[in-house]
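Report on the structure given below.
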Amino acid sequence: MSLLGEPELTEDGEFVINIGPQHPSTHGVLHLKVWLDGETIKKVQPHLGYIHRSIEKMSESLSYRNFIFATSRMDYLSAHINNEACALTVEKGLGIEAPPRAQAIRILMAELTRLSSHQLWWGCMGLDLGAVSPFFYGFRERESIMEVMEETCGARLTQNYMVPGGIMYDIHPNFQNRVKNVLKQIKENFKEYDDLLTGNVIFEGRTKGVGYLSPEDAISYGCTGPTARGSGVSCDVRKWFPYDGYDKLQFNEILETGGDCYARYMVRMAEMRQSVRIIEQMIDNIPEGDFQTKTKAVLKLPKGEFYQRVETARGELGVYIVSDGAASPYRIKYRSPNFSNLSALEHMAKGAKIGDLVAIMATIDLVIPDVDR
Amino acid sequence: MTTEELKLSVATLFPAATFDETGEFLNVMVNLPEFRNVMKTLRHNSELSFDSLFCLTCIDWKTHLMMVYHMISKQHRHVLVIKVKLDNTVKPEIETVCDIWKTANFHEREVFDLFGVNFKNHPDMRRIMLDDNWDGFPLRKNYVDENMISL
Amino acid sequence: MSLLLTIGFGPLATAIHNWVTASISNATGALATEMVIVGISLLLFLVPLCFFLGYMERRVAGFMQMRLGPNRVGPQGTLQIVADTVKLLLKEGLTPDASDKFLFNLAPIIVVVTSMLVLAPIAFAKDFQIWDISIGVLYMASVSSISVIGILMAGWSSNNKYSLLGAMRSGAQIVSYELSVGLSLITIVIFTGSLRMSDIVNSQADGWWIIKGHIPAIISFVIFVIASTAEINRAPFDLAEAEQELTAGFHTEYSGMKFAMFLLAEYINLFIVSAVAATLFLGGWMPFHIGHWEMFNHIMDFIPSSIWFMSKTFLIIFIIMQFRWTFPRLRVDQLLNLEWKYLLPISMFNILLVTVCAIMGWYF
Amino acid sequence: MKEIVFYILAAAILVGGLLAVTSRRIFRAAVYLLFSLIGIAGLYFYLNYEFIGAVQIVVYVGGIIVLMLFSIFLTQGSGEDMKKPLLGRVIFSALAAIFGCGLVMSFINGHEFTYSAKPALDPSAENIGFQMLNTAQYGYILPFEVVSMLLLASMIACIVIAIKIKVPAHAILPDNPRYHDDIDLPKELVLEENEVVA
């Protein structure tokens, strides 16, 4: 049999299938070329760029206030944290710091974003493994977080709440109450999450020992975030290079040593609890004062290079700005977490089954616009 | 290691390197011929042991291209930036580091795709984002796209 | 309707039979006429049944997922499935250019026809059965094995790699799980001493086999429900159409009416499996009786046999639907491990156990 | 009326068999064979040999045809049309078929069919089971066990075939006669001009 003239099997008797660019489990337009021996994966080759928009090139012609908003469209599930990274980089260049109130709100919003992102991931993880119901349970809490976001930022997904020097508006008066309600709801429902997936025999069979990534490989592949922490590599930027006052907060960096899909799953589950812990510390202690530092109408960064990294829901996002003193950046590089995490996919998927490939992709938690940028 | 100590040990290992401390991190300018050797030493030297290459990119300075490598040692917790100047803007070439850090594989392909820098001995030097038959390298400053509509 | 229920289906069938044989003198002609009547009434039964099962599936899914399910088209969303059917009927039935068109179009027909054939020996109510064949259980096991060929055919002729992988998976899966299904059916056959469906139902007049047969019957009931869920390709064993892995598996290329036929076959199979489980383990149309509670038994007898049969069947359908909306999917090697390393050895052991029980008379 | 059923079944068997032999696509050939076998099962049902009919379906349709389809799946190039057989082979096969047909026909014609007063054999599952496991005279326990030995042997053979032995590529080449020019090859292995090795 031939498909478009392509031989069914390669010379070594391998069966080649293309997963994507339109495929339910790639979570976007990712294209994986997979060489199979029966159901066993011999080789995976990611083909990227289906939604490459060259945000780096676009940013070179945008002002320092405007380029931030393009980054909401990179990792749209942690749009808020992406914005924060850019704002922090510009602040670093200007030599200013956001006022304490702005910093506190930034942290609150970032942790809410992380929670909502992990909840969406949790639902999709169940969906990828064939259990449809977790998707709805994950979305239940995510929806109430989205409502908080909507009320304060005016947007649900791409919040665009950050400006250099602080945040765009002050929080909504209802914010604290609503967040407290959300937290109460989430804490009650963690048990349901565990009941639905964590303790399930089939789920454990599908994830334990699947997609092993050793700590050395995790470091070498530049994996960050829960992907690396599942292998026991400490890499939480909030601990290593604290920003916006994360160093004053009590929270743990979650490390698991399994290195498999189950470890990565457990890291994210525990991270949600840590986020709840951070929000609980902050929610009643938002300092009074300005929410924005006074900045000039047209921002100009001095000549030089500025690098800022933050911890998004998927790992370390680095923003590298090279300035020549003009009103827009000379060169911007986004070191996106998904791009590096994806490069480890081939290593993890080798020798696994097709079903495992889906599980591995789910635990890396790929967001394709962040890979392609 | 503090920045000073780092500078000292790098300077003793590579006398030809020049330093730039204006930025946040210690920047080391390396010559193209000894670049590969420097990277290998940085990775495997037990005092430096830069095991994680967290950012690899290129800057087009119109007269020349500049390769920038950000690296961190998880063990010693110090950060270093290596910069290499590529004078040949028509056909820039540099040795690959993807056997030293596996993450460089994708990042070098990205730089090849968007800047046209060829990485010698790279196992899979193809375009990663754009079409295989795309004309030009978009992130170069002299790249002109006739079809672009500016909003 | 109420009149129909009080008459009962059995006498109704007898009346029709008498009428047909009286009006047509030729015996073969009468048989042919009856076949046509049975075929038409089967279709009239199956289409609403599948509508209802489709509606029920969505409602159960909604219930499991904290949502309402369909509630817009018609009262309580009951007409949603009709709207969907109209959509499927009007959709263009694509046939891929590079496919083997003859086999591509034949495959859904084979799947549907097979599942309809399997319906024949099922006793829907007292004395109400299409064909009381002497080897009823074996007949069902054998004819249902044809449907795998339809699936293999669909996967192969689509000329799509996903379809091919799905068909391979489904083939391996159905062939393996047939063993466990067969062995768990045999438990009850050993107890009853007959393969005939009506004998099996009649043997449960004084108690259902799941109660009378105690431990071995319960083991084989559990194995039957698991293995038959796998045999009809439903989650968590829906590897043949694993959406997240193979987009839609063997029916990736099917659309419109041909796709609807696969859907129809899936629901008929679901019904058959549940009906068989209800017949063999839960007494079919036999009412629930307790020892010498004459009063209670009499009240139970008052409920029509068709209601008994349907409520038992739908209880099992509900259980199988709950599986679908709860569990993640197994991986292909785990699926085969489950069968060959767990279910099959347990079934083998269970056969021994049941034989000992039957010989020693250790059942009620 | 009954004859019509018989002729429909017979036509299904014959046409299925004929198409299975003449079809140029191997997958289709297997499907035509399926129809032929189902027709035979239908004949058994028609004769009220229900148990044998069901076994026919289980063994041939559910077992053998599925295995055939599986092996076709695993073979390369199953979708392409097969090469036309050599004329000599066609003639030989046709002769063999005609000879076999003639033989059967001559036996049937030579045999006198008479009505017997004996009661018909009971084809029920119980009776067949008793006969199969009967150790007395005319019992079938010995052939039954011998056949199961045969099945065991074939299963072991299947496992042996299925175990992959990795042979390095250079080791395959010299043994394959296609790569030797100096050996006189059997006729069917010689490639004609413009023919491509699949």
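Protein chains in written order, with our numbering: chain A, 1 to 373; chain B, 374 to 524; chain C, 525 to 888; chain D, 889 to 1086.
Where a beta carbon is used, it is the ideal one built from N, C-alpha and C, also for glycine.
What would DSSP say about His80 (chain A), mapped onto helix, strand or coil?
Here the question's residue 80 (chain A) lines up with position 80 in the first sequence. In this structure, His80 (chain A) counts as helix in the three-state DSSP scheme.
Those runs of the beta strand (DSSP E) which lie wholly inside the region 34-69 of chain A and span at least 3 residues:
40-47
Exposed or buried, what is His52 (chain A) when buried is set at 16 or more other beta-carbons lying within 10 Å of its beta-carbon?
For this step, residue 52 (chain A) is matched to residue 52 along the first sequence. Buried, since its Cβ has 16 or more Cβ neighbours within 10 Å.
Could you name the residues of the same chain whose beta carbon sits closer than 7 Å to that of Phe761 (chain C), not counting the 5 residues immediately before and after it, in chain order?
The residue labelled residue 761 (chain C) in the question sits at position 237 within the third sequence. Counting only Cβ-Cβ distances below 7 Å, and skipping sequence neighbours, we find Gln697, Thr753, Ala754, Leu854 and Leu859.
Backbone secondary structure at Cys235 (chain A) - three-state DSSP:
Taking the first sequence and counting its residues from 1, the one referred to as residue 235 (chain A) is at position 235. The answer is coil: DSSP assigns Cys235 (chain A) none of H, G, I, E or B.
Are the beta-carbon atoms of Val210 (chain A) and Asp128 (chain A) separated by less than 7 Å?
The count along the first sequence starts at 1 and reaches residue 210 (chain A) at position 210. The count along the first sequence starts at 1 and reaches residue 128 (chain A) at position 128. It is not a contact, given that the beta carbons lie outside the stated cut-off.
Just the chain A side, please: which residues come within less than 7 Å of Trp864 (chain C) by C-beta, in chain order?
In the third sequence, residue 864 (chain C) corresponds to position 340, counting from 1. In chain order: nothing, as chain A lies at least about 15 Å away.
Counting along the chain, where does the beta strand (DSSP E) carrying Met440 (chain B) start and finish?
Residue 440 (chain B) sits at position 67 when you count from the first residue of the second sequence. Met440 (chain B) -> beta strand (DSSP E) spans Leu438 to Ile445.
I need the DSSP call for Glu316 (chain A), collapsed to helix, strand or coil.
Your numbering for residue 316 (chain A) matches position 316 in the first sequence. Correct three-state label for Glu316 (chain A): strand.
Run the CB neighbour count on Ala218 (chain A), radius 10 Å, all protein chains shown included, and call it buried at 16 or more, exposed below.
Position 218 of the first sequence, counting from 1, holds the residue named residue 218 (chain A). Buried, since its Cβ has 16 or more Cβ neighbours within 10 Å.
Would you call the region 228-235 of chain A and the region 253-270 of chain A touching, i.e. three or more CB-CB distances under 8 Å?
yes
Does Phe136 (chain A) come within less than 7 Å of chain C when only Cβ atoms are used?
Stepping through the first sequence from its first residue, residue 136 (chain A) is reached at position 136. Chain C, which has a Cβ nearer than 7 Å to the Cβ of Phe136 (chain A), makes this yes.
Assigned secondary structure, Gly138 (chain A) (DSSP; H/G/I helix, E/B strand, else coil)
Here residue 138 (chain A) refers to the residue found at position 138 of the first sequence. Helix.
With 16 as the cutoff for other CB atoms within 10 Å, does Lys650 (chain C) come out buried or exposed?
Here residue 650 (chain C) is taken as the residue at index 126 of the third sequence, counted from 1. Buried.
Comparing alpha-carbon positions, which option in A:Met58, A:Ala155, A:Ile278 and A:Lys300 lies nearest Leu94 (chain A)?
Sequence index remark: in the first sequence, residue 94 (chain A) carries index 94 (1-based). Cα-wise, what sits closest to Leu94 (chain A) is A:Lys300.
What alpha helix (DSSP H) runs, 4 residues minimum, are completely inside the region 944-989 of chain D?
954-961
Do you know how far the Cα of Trp122 (chain A) is from the Cα of Leu1077 (chain D)?
Start at 1 with the first residue of the fourth sequence, and residue 1077 (chain D) comes out as number 189. Start at 1 with the first residue of the first sequence, and residue 122 (chain A) comes out as number 122. For Leu1077 (chain D), the predicted model reports a pLDDT of 41, less than 50, meaning its position is unreliable; a value from the coordinates is still stated below. Looking at the two C-alpha atoms, the distance is approximately 59 Å.
Give the range of the beta strand (DSSP E) segment to which Lys333 (chain A) is assigned.
Counting from one through the first sequence, the residue named residue 333 (chain A) turns up at place 333. Element bounds for Lys333 (chain A): Arg331 to Arg335.
What is the rounded straight-line gap between the Cα of Ser639 (chain C) and the Cα of Arg758 (chain C)?
For the purposes of this step, residue 639 (chain C) is identified with residue 115 of the third sequence, where counting begins at 1. For the purposes of this step, residue 758 (chain C) is identified with residue 234 of the third sequence, where counting begins at 1. Their Cα atoms are separated by approximately 15 Å.
Measuring CB to CB, does Phe820 (chain C) end up less than 7 Å from Ile814 (chain C)?
Stepping through the third sequence from its first residue, residue 820 (chain C) is reached at position 296. Stepping through the third sequence from its first residue, residue 814 (chain C) is reached at position 290. In this structure, Ile814 (chain C) lies closer than 7 Å to Phe820 (chain C) by Cβ.
Leaving out the 5 sequence neighbours to the left and right, which residues in its chain are closer than 6 Å to Phe306 (chain A) when beta-carbon positions are compared?
Start at 1 with the first residue of the first sequence, and residue 306 (chain A) comes out as number 306. Same-chain partners within the cutoff: Thr89, Lys92, Gly93 and Ile321.
Assess contact between the region 429-441 of chain B and the region 456-466 of chain B, defined as three or more Cβ pairs (one per stretch) separated by less than 8 Å. Is contact present?
yes
Just mark His775 (chain C) as buried or exposed, buried being the case when its beta carbon has 16 or more other beta carbons within 10 Å.
Within the third sequence, the letter at position 251 stands for residue 775 (chain C). By the neighbour-count rule (16 or more Cβ atoms within 10 Å), His775 (chain C) is buried.
Answer with yes or no whether the minimum CB distance from Glu111 (chain A) to chain B is below 7 Å.
Stepping through the first sequence from its first residue, residue 111 (chain A) is reached at position 111. Not an interface residue.
Cα-Cα separation between Val625 (chain C) and Leu555 (chain C), rounded to whole angstroms:
Walking along the third sequence from the start, residue 625 (chain C) turns up at place 101. Walking along the third sequence from the start, residue 555 (chain C) turns up at place 31. For clarity, residue 625 (chain C) is Lys in the given sequence; the question names Val instead. Straight-line Cα distance between these residues: approximately 36 Å.
Check the Cβ of Leu62 (chain A) against every Cβ in chain C and list those closer than 7 Å, keeping chain order.
Position 62 of the first sequence, counted from the start, is the residue given in the question as residue 62 (chain A). Within chain C, no residue comes near Leu62 (chain A); the closest Cβ sits about 38 Å away, beyond 7 Å.
Spatial neighbours of Ile254 (chain A) in its chain, beta-carbon cut-off 7 Å, leaving aside the 5 residues before and after:
In the first sequence, residue 254 (chain A) corresponds to position 254, counting from 1. Taken in chain order, the residues that qualify are Arg229, Val267, Ala270, Glu271 and Gln274.
Proximity below 7 Å, CB of Gln119 (chain A) to CB of Ile283 (chain A)
As a working note, residue 119 (chain A) is residue 119 in the first sequence. As a working note, residue 283 (chain A) is residue 283 in the first sequence. Result no, Cβ atoms of Gln119 (chain A) and Ile283 (chain A) do not sit closer than 7 Å.
Which residues does DSSP list as the beta-bridge partners of Gln653 (chain C)?
For the purposes of this step, residue 653 (chain C) is taken as the residue at position 129 of the third sequence. Gln653 (chain C) pairs with C:Ala647.
Taking 7 Å as the threshold (beta carbon to beta carbon), is Val672 (chain C) in contact with chain D?
As a first step, residue 672 (chain C) must be located in the third sequence, where it is residue number 148. Interface residue, yes.
The alpha helix (DSSP H) spanning Val606 (chain C) covers which residue range?
Start at 1 with the first residue of the third sequence, and residue 606 (chain C) comes out as number 82. Where Val606 (chain C) is concerned, the enclosing alpha helix (DSSP H) stretches over Gln604 to Leu614.
What residue does the alpha helix (DSSP H) around Ser718 (chain C) start on, and which one ends it?
Here residue 718 (chain C) refers to the residue found at position 194 when the third sequence is read from its first residue. It is not in any alpha helix (DSSP H) - Ser718 (chain C) carries neither H nor E in the DSSP assignment.
To the nearest angstrom, how far is the alpha carbon of Val367 (chain A) from that of Phe485 (chain B)?
Locating residue 367 (chain A) in the first sequence gives position 367, counting from the first residue. Locating residue 485 (chain B) in the second sequence gives position 112, counting from the first residue. In a straight line, the C-alpha of Val367 (chain A) is about 23 Å away from that of Phe485 (chain B).
From the DSSP output, read off the bridge partner residues of Gly166 (chain A).
The sequence position of residue 166 (chain A) within the first sequence is 166, counting from 1. Gly166 (chain A) pairs with A:Val163 and A:Gln292.
If you draw a straight line from the C-alpha of Trp507 (chain B) to the C-alpha of Met58 (chain A), how long is it?
Sequence index remark: in the second sequence, residue 507 (chain B) carries index 134 (1-based). Sequence index remark: in the first sequence, residue 58 (chain A) carries index 58 (1-based). Cα to Cα, Trp507 (chain B) sits roughly 18 Å from Met58 (chain A).
Min CB distance Met374 (chain B) to chain A below 7 Å:
Locating residue 374 (chain B) in the second sequence gives position 1, counting from the first residue. Answer no: the Cβ-Cβ gap between Met374 (chain B) and chain A never drops below 7 Å.
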